[in-house]
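Student:
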Amino acid sequence: MSTKDAATGETSQTLDRGLTVLSLLAKNTDGLTAADLAQELATARAVVYRLLRTLELHRLVGRIDNRYVLGMGIAELASRLRPQLQVTALPILRRLTEATNSTALLSIADGDQALILLTVEPAESTLHLAIRQGARHPLTQGADGLAILAGRPPTPADTAPVRLARQRGYAVSIGALQAGAAGIAAPITTSDWATASVGIVRLGDDEADIPDEITEAVTAAAADATRRLLGDVGPAIDAP
Numbered sequence: 010m011s012t013k014d015a016a017t018g019e020t021s022q023t024l025d026r027g028l029t030v031l032s033l034l035a036k037n038t039d040g041l042t043a044a045d046l047a048q049e050l051a052t053a054r055a056v057v058y059r060l061l062r063t064l065e066l067h068r069l070v071g072r073i074d075n076r077y078v079l080g081m082g083i084a085e086l087a088s089r090l091r092p093q094l095q096v097t098a099l100p101i102l103r104r105l106t107e108a109t110n111s112t113a114l115l116s117i118a119d120g121d122q123a124l125i126l127l128t129v130e131p132a133e134s135t136l137h138l139a140i141r142q143g144a145r146h147p148l149t150q151g152a153d154g155l156a157i158l159a160g161r162p163p164t165p166a167d168t169a170p171v172r173l174a175r176q177r178g179y180a181v182s183i184g185a186l187q188a189g190a191a192g193i194a195a196p197i198t199t200s201d202w203a204t205a206s207v208g209i210v211r212l213g214d215d216e217a218d219i220p221d222e223i224t225e226a227v228t229a230a231a232a233d234a235t236r237r238l239l240g241d242v243g244p245a246i247d248a249p
């Protein structure tokens, strides 16, 4: 097996190519042909076929006609990661709730929808918004989904709110899911293809009324989640 030097030592070129194939298929939900993948990897088609056969064997890749897509094995692996994500995010959401006196939430991308995986409501607030854990809505509707899309590479299909969120590092939505509700969220960026976000929902009907301290607390929470999921278990980042 050939190797290449990396900043931290040697890495497996074959494994690197296999992981790149999975990443490419994740970004191209309609699938890619072996020729497409060979072009993206700048390698021989025979090499790509060997990679694909191995990935198919482990159910990480499936085939529809001559196009390859992610396999059900990926979904099974992802489902096993959800408890870890929840355990990691729970103390972060609690701190975010205390800092903002708002309901905090962890959302993940599930196809073209945002799934609210975890919520924490403020204990001391006399009036706050609640959001149902397990609720779904389109990624393009609501700050949590917009933040996830903003944490991905730009595409021509990006809407103005997604482009603005990418520029600012956080997304804001007003009345998108419920009248009189404001959402603020930032992506968890463990890779260049975000699949989760941290955010809050609070009463509000004007973005101008959202204090900077709120957006700073949300972005700090997302950064803390990113850092911990990447394996840095140093001191927590306190919200401003």
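If you count the sequence shown from 1, you need to add 9 to reach my numbering.
A virtual CB, placed ideally from N, CA and C, is assigned to each residue, including glycine.
In this text the structure is predicted, and so the values were computed from the model without any measurement.
By alpha-carbon positions, which one of L114, T164, L90 ends up nearest to P100?
Tutor: Taking the sequence shown and counting its residues from 1, the one referred to as residue 100 is at position 91. Ranking the options by Cα distance to P100, first place goes to L114.
Student: Within its chain, find whatever has a CB closer than 8 Å to the CB of T42; leave out the 5 residues flanking it on each side and keep chain order.
Tutor: Residue numbering aside, residue 42 sits at position 33 when the sequence shown is read from its first letter. Taken in chain order, the residues that qualify are N75, R76, Y77.
Student: So, helix, strand or coil for T149, using DSSP?
Tutor: By 1-based counting over the sequence shown, the position of residue 149 is 140. The answer is coil: DSSP assigns T149 none of H, G, I, E or B.
Student: Tell me the rounded alpha-carbon separation between G184 and P131.
Tutor: Against the sequence shown, residue 184 aligns to sequence position 175. Against the sequence shown, residue 131 aligns to sequence position 122. Each residue's Cα considered, the two are about 21 Å apart.
Student: Could you name the residues of the same chain whose beta carbon sits closer than 7 Å to that of A35, not counting the 5 residues immediately before and after it, in chain order?
Tutor: Translated into the one-based positions of the sequence shown, residue 35 becomes position 26. So the qualifying residues of the chain are L79, W202.
Student: Short of 6 Å in beta carbon distance, which residues of its chain neighbour A16, apart from the five on each side in sequence? Order them along the chain.
Tutor: The residue you call residue 16 lines up with position 7 of the sequence shown. Reliability of the predicted coordinates at A16 is poor, the pLDDT of 40 falling under 50, and the value obtained from them is presented with this limitation in mind. Answer for A16: no residue qualifies.
Student: Could you have a look at L50 and say whether DSSP puts it in helix, strand or coil?
Tutor: If you number the sequence shown from 1, residue 50 lands on position 41. Note: L50 maps to helix in three-state DSSP.
Student: Taking the continuous alpha helix (DSSP H) assigned at P196, which residues delimit it?
Tutor: The sequence position of residue 196 within the sequence shown is 187, counting from 1. Element bounds for P196: not the alpha helix (DSSP H) but the beta strand (DSSP E), 190-197.
Student: Inspect the beta-carbon positions of A152 and T112 and report whether they are closer than 8 Å.
Tutor: Residue mapping note: residue 152 aligns to position 143 of the sequence shown, counting from 1. Residue mapping note: residue 112 aligns to position 103 of the sequence shown, counting from 1. No. Outside cutoff.
Student: How would you call Y179, buried or exposed, if buried means at least 16 neighbouring beta carbons within 10 angstroms?
Tutor: Here residue 179 corresponds to residue number 170 of the sequence shown, with the count starting at 1. With 16 or more other Cβ atoms within 10 Å, it is buried.
Student: Return the chain-ordered list of same chain residues with a C-beta closer than 7 Å to the C-beta of A53, the five sequence neighbours on each side being excluded.
Tutor: In the sequence shown, residue 53 corresponds to position 44, counting from 1. So the qualifying residues of the chain are A47.
Student: For I83, name the three-state secondary structure that DSSP assigns.
Tutor: As a first step, residue 83 must be located in the sequence shown, where it is residue number 74. Helix.
Student: Looking only at C-alpha atoms, which of Q93, N37, L24 sits nearest to L239?
Tutor: Walking along the sequence shown from the start, residue 239 turns up at place 230. With distances taken between Cα atoms, L239 lies closest to Q93.
Student: Determine the closest residue to L60 out of L69, N37, I73, G27, with distance taken between C-alpha atoms.
Tutor: Along the sequence shown, read from residue 1 onward, the residue named residue 60 stands at position 51. Ranking L69, N37, I73, G27 by Cα distance to L60 puts G27 first.
Student: Between L126, I157, S206, L136, which lies nearest to Q142 when the distance is taken from Cα to Cα?
Tutor: Within the sequence shown, residue 142 is the residue found at index 133, counting from 1. Comparing Cα positions, the closest option is L126.
Student: Going by CA-CA distance only, name the one from T199, S116, D214 that's closest to A190.
Tutor: As a working mapping, residue 190 is identified with position 181 in the sequence shown. Comparing Cα-Cα distances from A190 to each of T199, S116, D214, the minimum goes to D214.
Student: Under the assumption that L155 contacts A174 (Cβ atoms under 8 Å), give the Cβ distance between them as a whole number of angstroms.
Tutor: Stepping through the sequence shown from its first residue, residue 155 is reached at position 146. Stepping through the sequence shown from its first residue, residue 174 is reached at position 165. At roughly 5 Å, the Cβ-Cβ gap stays under 8 Å, so L155 and A174 are in contact.
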